[in-house]
Amino acid sequence: MTDQEQPKVAMVIMAHPDDAEFGSAGTVATWVADGWDVHYVVCTDGSGGGPDGTSDVGPAARQKVIATRKVEQRAACDILGVKDMVFLDYTDGQLQPSIELRRDLVRLLRQYRPTRVICPSPDRVWEQVLSIPRQHSDHLAAGQSALSAIYPASQNPWDFPELLQEGLKPHIVKDIYIVGAPMINYAVDISATIDRKLKALRAHTSQVAAHFDEIDRMLRERSAEMGKEYGMPLAEIYHRIER
Ligand SMILES: [Zn+2]
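What the sequence shown shows, in the numbering used here, is residues 43 to 285, in sequence order.
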């Protein structure tokens, strides 16, 4: 099968609502414009992203945060033209690269059968000033789980044989884009989609409203910085693995 014949189906696997907008929304909007169906998978329930400084962190408050963040993620998806989103609802802040999570991701990979997958890096980048917030332990766990699900589990019939019983045949992901990786080898020009990216990010009101101007400026600066090396005005960067 040539590149042109690959189904235009992509999946974005992230730990939290808003992760995809920060790291990849410009790429997602570019792909959607190019006719790709993009599906989001959010591994956690987003319950750890309530208001800063609050002492009300009980079950009712958490349920409210979860509901709010799902509505916000849906709004961001609508702005970007993302087809649908799946929340796996693991507890925010406690994500582990467990066999259960890997199985859940394999199930989705085999159901949606994406040609391209975007996921976070399982590895830390120690040189970056941003390494602590960006490399939240949930992000690392989501990255490790996504890559373990892609290879070998999704393509190996011997892994999770129960999924074969569900009628889900093995699937090979051809093109992997890892966000925040220690080694970068690919950039996507987001000059035409930066405004849409920021609009989608702004939909995460509970997370960004208080300091959106600063985020807007910081992301434009960072996108310009990332594009420099690739001769692009504005870019999102990845470690890309084509198979
Ligand atoms: Zn996150």
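Where is the CB? At the ideal position from N, CA and C, for every residue including glycine.
Sequence-distant residues of its chain with Cβ nearer than 7 Å to Gln-249 (five each side left out): Taken in chain order, the residues that qualify are Asp-60, Gly-91.
Out of Cys-161, Ser-179, Ala-184, which has the shortest C-alpha to C-alpha gap to Cys-85? Among Cys-161, Ser-179, Ala-184, the Cα nearest to that of Cys-85 is on Ala-184.
Going straight from the alpha carbon of Leu-276 to that of Asp-231, what length do you get? About 6 Å.
Helix, strand or coil for His-81, going by three-state DSSP, please let me know. Residue state, collapsed to three classes: strand.
Output the distance between the C-alpha atoms of Phe-129 and Lys-112, rounded to the nearest integer angstrom. Computed Cα separation, rounded: 8 Å.
Assuming contact is defined by CB atoms lying nearer than 8 Å, are Val-54 and Val-74 in contact in what I supplied? No.
With a threshold of 16 other CB atoms inside 10 Å of the CB of Arg-238, please say whether the residue is buried or exposed. The residue in question, Arg-238, is buried, as its Cβ has 16 or more Cβ neighbours within 10 Å.
Check whether the region 92-109 touches the region 62-71, taking contact to mean three or more Cβ pairs, one atom from each stretch, closer than 8 Å. No: the two stretches stay apart, fewer than three of their Cβ pairs being nearer than 8 Å.
Please state the DSSP three-state secondary structure of Thr-72. DSSP places Thr-72 in helix when its eight states are reduced to three.
Local Cβ density within 10 Å of Val-221, reported as buried at 16 or more and exposed below that: Val-221 is buried by the Cβ-count criterion.
Below 8 Å CB to CB, which residues in the same chain sit around Ile-121 once its five sequence neighbours on both sides are set aside? Counting only Cβ-Cβ distances below 8 Å, and skipping sequence neighbours, we find Arg-238, Lys-241, Ala-242, Ala-245.
Distance, Cα to Cα, Glu-256 vs Ile-279? If you take the alpha carbons of Glu-256 and Ile-279, they lie about 21 Å apart.
Verify the contact flag: His-34, CB atom, against every heavy atom of ligand 1, threshold strictly below 7 Å. With the chain running from 43 to 285 in the structure shown, residue 34 is simply not present.
Pick helix, strand or coil for Thr-247, following the three-state DSSP scheme. Collapsing the DSSP output to three states places Thr-247 in a helix.
Once the 5 residues before and after Gln-138 are set aside, which same chain residues still bring their CB inside 6 Å of it? So the qualifying residues of the chain are Ala-183.
Beta carbon of Asp-87: closer than 7 Å to some heavy atom of ligand 1? Within the chosen limit of 7 Å, ligand 1 does not reach the beta carbon of Asp-87 with any heavy atom.
CA nearest to the CA of Asn-227, picked from Pro-175, Gln-153, Glu-271, Ala-71: When each option's Cα is compared against that of Asn-227, the closest is Glu-271.
Quick one: which unbroken beta strand (DSSP E) runs of 3-plus residues sit fully inside the region 154-208? Chain order, please. Complete beta strand (DSSP E) runs here, min 3: 158-162.
Which residues share a DSSP beta bridge with Val-54? Its beta-bridge partners are Tyr-82, Ile-160.
C-alpha gap between Asp-87 and Gly-209, whole angstroms: Asp-87 and Gly-209 have their alpha carbons spaced roughly 27 Å apart.
Does DSSP put Met-127 in a helix, a strand or coil? Note: Met-127 maps to strand in three-state DSSP.
For Pro-156 and Val-215, which I take to be in contact (beta-carbon distance under 8 Å), what is that distance rounded to the nearest angstrom? About 6 Å separates the two Cβ atoms, so the contact holds.
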